[in-house]
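>
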Amino acid sequence: MAILPLPAVAAFLLLLLLAGRAAADDASSDDRGHDASPGCNNKFQLVKVKNWVNGTQGTTVVGLSARFGSPLPRTVDGAQRTFAALTNPPDLCSNSTSKLTNSIALVARGGCPFTAKAEFAQAAGAAGLVIINDDEELYKMVCGDNDTSLNVTIPVVMVPHSAGNNLKDLLDHGAKVEVQLYSPNRPVVDLSACFLWLMAVGTIVCASLWSEFVACEQIDEHYNQLTRQPGPNSGTNNTQDKEILEITAKGAGVFVIVASVFLLLLFYFMSSWVAWLLIVLFCIGGIEGMHVCLVTIISRINKDWGNNTVQLPFYGEVLALSVGIVPFCTVFAILWVVYRHSSFAWIGQDILGICLMITVLQMARLPNIRVASALLSAAFVYDIFWVFISPLIFHESVMIAVASGDSSGEAIPMLLRIPRFFDPWGGYDMIGFGDIIFPGLLVAFSYRFDRAGKKGILNGYFLWLTVGYAVGLFLTYLALFLMDGHGQPALLYLVPCTLGVIVVLGWIRGELPHLWNYGRRPENSVGEEV
């Protein structure tokens, strides 16, 4: 079967470790670090700011409510459509000389506390206050230490700089701007996250069973699909074995160190051209992965199609099936790149990503639990450090910053994603390839170990590790929900639920020494390839 050369697999494993994206939500969480006081105990909520310019509806803006002020309606039907007005002074740090009665006051941030702006707006008869932030992030507006008897009865919302300035410019030019403020609830159970959970677990199960039930022994692998074949008189055996990249403990350590260096480089030098480089690499891997999967499946259905070959310049003898499939996969990847910002682009990204991960899991293998412990323990520390500890050093989470992409809107594509179909706020649920690949390496090893030992389903390890991975991924989403959307490193939950399960189960069954030393040290290993 045609597969990526071993150095390329090592490089993609490195990229997958970089893609161990921490789950994170928008700024809609409570302020745990601030002591609630009367009049200042609201929970932060995302706010939809619908707007109309001279009667024509504009793009809805997403804002963030304050710790103080009146709560907003939960439905659009309960929200009033109100005219917006500019204040004088623009920062509203003193009594306004412009008429604000029954209007939504639009003011600039700075000059005085948020609570002072709210009190001046309320004193002028405003129906609400919208504060324009000085950047694109949504800042949590809290009360000051002296605001012990605050009585703000109007809603207070902050909007990003660009959106707020756009409304301000329209008002400056005499346009009539109306706004409607409301904060819909998110569903308690996110069905899109359930679908993503199934995709991740299904990818690991499919990759583990692939070599036996799809690329089975009966399939004639006489020809390597798009790689040069040995001539009939070359004196070599035409039955080519699939190249396997077995990871070593040394290679596992090298992976994590190099991945950390690359993560820092991306953190400091992330730009549109770097994002494009990652997109190109993703497409190359996705094309090859999709090609391998399609050729294998079609050859499994019709063995004759897997035996027909043609002669190509520079390549020699290749499968005729590949000649048709490679252009199809290439066009598929190009179309995804062209339409990657459209609402349906997630489908192509997930197809390419799943095919890539299945192919990588066929190529890279763990020889035993000793190496698995080194790799997953290192990835465990890596994920926790760059999500939770890095903000203490770099003032923000390096992992989340890199995963969010650059200012141009381009993001790292090495992840599965699915839209939140039933969420009024939209967005995507996502999981990085690294959170599937690295536990998947261990799950795939458990299946090979069970088959070699002729173990049944219940007395083997594959079933229990699959269940462990599913439980660990569920715990990741549960932690994300319980911690109000704060970033969560998935490997924090996945590693104990997979590596911990096989170690404990092996110890109970008395098979841990065999698992620990299983297999022989390969001649060709990641430690040598990296």
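Position 492 of the sequence shown, counted from 1, bears residue number 542 in my numbering, the numbering being contiguous throughout. The C-beta atom is built at its ideal place from N, Cα and C for all residues, glycine as well.
(1) With three or more C-beta pairs closer than 8 Å as the rule, is the stretch 423-430 touching the stretch 527-534?
(2) What ranges does the beta strand (DSSP E) occupy inside the stretch 400-472, keeping only unbroken runs of at least 3 residues that lie completely in it?
(3) Let's see if you can read the secondary structure: which residues bound the beta strand (DSSP E) around E367?
(4) Using the beta-carbon count (16 or more within 10 Å), is Q399 buried or exposed?
(5) Have a look at the DSSP bridge pairing and note the partners of D479.
(6) Please classify A134 as buried or exposed, where buried requires at least 16 other C-beta atoms within 10 Å of its C-beta.
(7) Pull up the distance between the alpha-carbon of A174 and that of N92, whole angstroms please.
(8) Could you tell me the distance, in whole angstroms, from the CA atom of T151 to the CA atom of A176?
(9) Do the stretch 217-230 and the stretch 112-121 touch if we need at least three Cβ pairs shorter than 8 Å?
(10) Rounded to whole angstroms, what is the Cα-Cα separation between H341 and A520?
(11) Go through its chain and collect everything with a Cβ distance to D81's Cβ below 8 Å, but skip five positions before and after it.
(12) Please classify S233: is it buried, with 16 or more other beta-carbons within 10 angstroms of its beta-carbon, or exposed?
(13) Which class does I154 belong to by DSSP, given the choice of helix, strand or coil?
(14) Could you tell me whether the Cβ atoms of I404 and T548 are closer together than 7 Å?
(15) To the nearest angstrom, report how far apart V345 and C256 are at their CA atoms.
(16) Report the three-state DSSP secondary structure of K218 (helix, strand or coil).
(17) Can you tell me the Cα-Cα spacing of V306 and Y432, whole angstroms?
(18) Are the beta-carbon atoms of C379 and I334 separated by less than 7 Å?
(19) When DSSP labels each residue in this structure, what does K100 get in the three-state scheme?
(20) Could you tell me which residues DSSP pairs with L362 in its beta bridges?
(21) Out of curiosity, what's the CA-to-CA distance linking K18 and I486?
(22) Closest to R590 by C-alpha separation, out of V97, E446 and S393, would be which residue?
(23) Report yes if the C-beta distance between W355 and I347 is below 7 Å; otherwise report no.
(24) Looking at the unbroken alpha helix (DSSP H) that takes in Q172, where does it start and where does it end?
(25) Just how far apart, CA to CA, sit N567 and I297?
(26) In chain order, what residues of the same chain have a beta carbon less than 8 Å from the beta carbon of L562, not counting five sequence neighbours either side?
(27) Kindly indicate the opening and closing residues of the alpha helix (DSSP H) around E338.
(28) Would you decide whether N274 is buried or exposed? Buried here means 16 or more other CB atoms lie within 10 Å of its CB.
(29) Taking only the alpha-carbon atoms, compute the straight-line gap between D245 and A428 and give it to the nearest angstrom.
(30) Excluding the 5 residues flanking V551 on each side, which residues of the same chain have their C-beta closer than 7 Å to its C-beta?
(31) I need the straight-line Cα distance from V209 to I443, nearest angstrom please.
(32) By DSSP, does G224 sit in helix, in strand, or in coil?
(33) List the endpoints of the continuous beta strand (DSSP E) containing V180.
(34) Output yes or no for whether 7 Å exceeds the beta carbon distance between L179 and A171.
(35) Which one of V264, V103 and K149 has the shortest CA to CA distance from R350?
Judging by the given coordinates:
(1) no
(2) 465-469
(3) G366 to L369
(4) buried
(5) I468
(6) buried
(7) 23 Å
(8) 5 Å
(9) no
(10) 28 Å
(11) Residue confidence is low: D81 scores 44 on pLDDT, short of 50, so the model does not pin down where it sits. Its coordinate-derived value is still stated next. The residues are F94, R117, K190 and V192.
(12) buried
(13) strand
(14) no
(15) 16 Å
(16) helix
(17) 7 Å
(18) no
(19) strand
(20) G366
(21) Absent from the structure is residue 18, since the part of the chain shown begins at 51 and ends at 580.
(22) No information on residue 590 is available, as it lies outside the stretch 51 to 580 that the chain covers here.
(23) no
(24) F164 to A173
(25) 14 Å
(26) I419, V553 and G556
(27) S322 to I351
(28) Any answer about N274 is weak, because its pLDDT of 40 lies below 50 and its placement is not dependable; what the coordinates show is given next. Buried is the call here.
(29) Looking at the sequence itself, residue 245 is Phe, so the reference to Asp does not match. About 29 Å.
(30) W514, L515 and G518
(31) 29 Å
(32) coil
(33) G178 to I182
(34) yes
(35) V264
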